[in-house]
Structures are given as structure tokens and as C-alpha cells.
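Trainee: Numbering-wise (the working numbering), the sequence shown opens with residue 14 and increments by one. For glycine and all other residues, C-beta sits at the position ideal for the given N, C-alpha and C.
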Amino acid sequence: MENISLREGEEFIKLGQAMKKAGLEESGVDAKMDIQDGLVKVNGEVETRRGRKLYDGDVFEYDGVQVKISK
14 MENISLREGE EFIKLGQAMK KAGLEESGVD AKMDIQDGLV KVNGEVETRR GRKLYDGDVF
74 EYDGVQVKIS K
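(1) Please state the DSSP three-state secondary structure of residue 27.
(2) Check the C-beta distance from residue 55 over to residue 65 and give it rounded, since I have them as a contact under 8 Å.
(3) Reducing DSSP to helix, strand and coil, say where residue 34 ends up.
(4) Find out if the Cβ-Cβ distance for the pair residue 48, residue 31 is shorter than 8 Å.
(5) Who does residue 82 pair with in a DSSP beta bridge?
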């Protein structure tokens with residue numbers, strides 16, 4: 014499982030941004046398309062909103078890669 018740390022003072026990161034930060038997508042457009050196509054899970058459930066806020070402890074999965082959000 015990979016890990017993404019929130020920046021100092023950040024409470025959350027949006028799903029599309031997290032995918033780019035993890036290196037799973039090259040652009041926001043690619044992330045948007047994959048999320049809308051139902052290819053991304055957040056905490057085990059399919060998520061279709063790229064603006065979904067991810068908080069400390071949340072885990073998202075794309076293309077067999079799991080990424081955990083941490084402070």
C-alpha cells in the first residue's frame with residue numbers, strides 16, 4: 014500500500030488530486046474520466062465524484078494500487 018501525506022494545515026485532499034499526487038494519473042482529465050467510469054474505489058466502495066474529499070485514514074484504490082491518506 015502506498016501513502017500520501019496531507020500538507021501542513023490541510024484537512025483533506027480531493028480524489029482527483031490524490032490520484033495525480035500518487036502518480037496514478039498524468040492529468041486531471043484522465044483522473045476525471047477514470048473516476049466517472051467507476052474504476053476507483055474509496056474505502057472499498059466505487060466512487061464516481063472526483064471532488065470527493067479524502068481525509069486522514071481514507072484509502073482509495075485504482076488499477077490494483079491502494080493508497081492511504083495520512084497527516
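Mentor: Concretely, from the data shown:
(1) strand
(2) A Cβ-Cβ separation of about 6 Å places residue 55 in contact with residue 65 under the 8 Å criterion.
(3) Three-state DSSP puts residue 34 in a helix.
(4) no
(5) The partner list for residue 82 (beta bridge, DSSP) reads 17.
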